[in-house]
Amino acid sequence: MLKELIDQFYLNRKKDKGQEHFYISEAGKCPRQIFFKFKNAPRKEMEANILRLFDHGDHMHQLIMKPLLSTREVRVVTAEVDIPPQELVRGRADAVISDGKELYVLDIKSMNSMVFKNLTEPKEENINQIQLYLHYFKIPKGIILYVDKDKLDLKEFAVNYNKTLVEKILKDLTCLKKQIDSNTIPSRIPDYPDNWQCRYCQFKEICGMADEKDLGWEDFKKKIEKLGN
Ligand code: SF4
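First residue of the sequence shown? That's 1 in the UniProt record's numbering, and the numbers climb one at a time after it.
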């Protein structure tokens with residue numbers, strides 16, 4: 001009885017609707033997947049345990065911020081801070097901290113023990129994300145702090161602003177925006193279906209029905225609507 005009630009609580013909160021903005025966490029991610037989110041294409045429903053894991057991640061952040069807020073060596077300048085408003089992308093950094101000399105953007109990520117154990121460098125998608133924070137906050141240094149969800153161990157990586165990488169990410173997002181506006185489904189990522197993003201992709205089924213290359217959304221939409229009837 002309780003399991004069903006708790007599951008339903010999470011499932012009710014998650015109402016899929018068409019996305020209207022890019023989020024910083026999508027920087028460098030599969031453009032086709034983002035396109036499908038904007039178009040609210042049919043997707044595999046997320047399971048309640050996955051939704052609970054998102055909540056769990058938020059609690060991890062609180063756990064990390066507590067000592068940082070009480071230490072004297074580091075000052076939390078601001079927490080949960082939105083990037084300055086602009087047309088292309090939205091995002092909220094976990095914190096901006098200061099060691100008394102310099103500012104750092106802090107991004108906290110939690111993961112399971114297996115992934116944590118093998119982590120020797122920051123993940124590419126996390127670097128992309130923090131680079132955009134550095135760009136929009138005009139802060140040249142950042143820290144990605146990983147938390148092992150199972151053992152609560154920590155690993156941290158310093159990241160310096162990389163202008164070339166940021167320009168590429170912003171160019172790719174601008175290009176994707178044009179494809180969304182012109183109803184052109186982007187190509188699959190080159191290592192489909194082995195890429196980790198495909199493994200967790202809610203649109204994997206319809207992606208498999210579309211050609212590998214760019215194609216028109218309107219015709220493809222009719223095709224998937226027919227299958228749904
Ligand atoms: S299955 Fe892979 S290539 Fe297709 S939309 Fe999802 S992430 Fe992109």
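Virtual Cβ for every residue (Gly too), placed ideally from N, Cα, C.
Taken atom to atom, the span from the alpha-carbon of residue 103 to that of residue 190 is near 37 Å. Looking at the DSSP output, residue 166 bridges to nothing.
Residue nearest to residue 224 within the set 36, 6, 22 and 4 is 36 (criterion: CA-CA distance). Look at residue 74 here: in three-state DSSP terms it is coil, with no helix or strand label.
Residue 30 and residue 194 have their C-alpha atoms roughly 13 Å apart. For residue 106, the CB contacts under 6 Å within the same chain, skipping 5 residues up- and downstream, are 94, 95, 97 and 143 in chain order. About 5 Å separates the beta carbon of residue 110 from that of residue 149, a gap short enough to meet the 8 Å contact definition.
Residue 159 holds the alpha-carbon nearest to the alpha-carbon of residue 130 among 159, 53, 218 and 23. By the 16-neighbour rule on beta-carbons within 10 angstroms, residue 122 is buried. With a beta-carbon spacing of about 5 Å, residue 132 and residue 24 fall inside the 8 Å limit used to define contacts. At least one heavy atom of ligand 1 lies less than 7 Å from the C-beta of residue 32.
Residue 33 counts as buried, since no fewer than 16 other beta carbons sit within 10 angstroms of its beta carbon. Distance from the CA of residue 128 to the CA of residue 1, rounded to the nearest whole angstrom, comes to 42 Å. For residue 188, the CB falls within less than 7 Å of some heavy atom of ligand 1. Between residue 22 and residue 90, the alpha-carbon positions lie close to 6 Å from each other. For residue 82, the pairing in a beta bridge is given by DSSP as 92. Under a 10 Å Cβ-count criterion, residue 175 is classified as exposed, with fewer than 16 other Cβ atoms of the shown protein chains found around its own Cβ.
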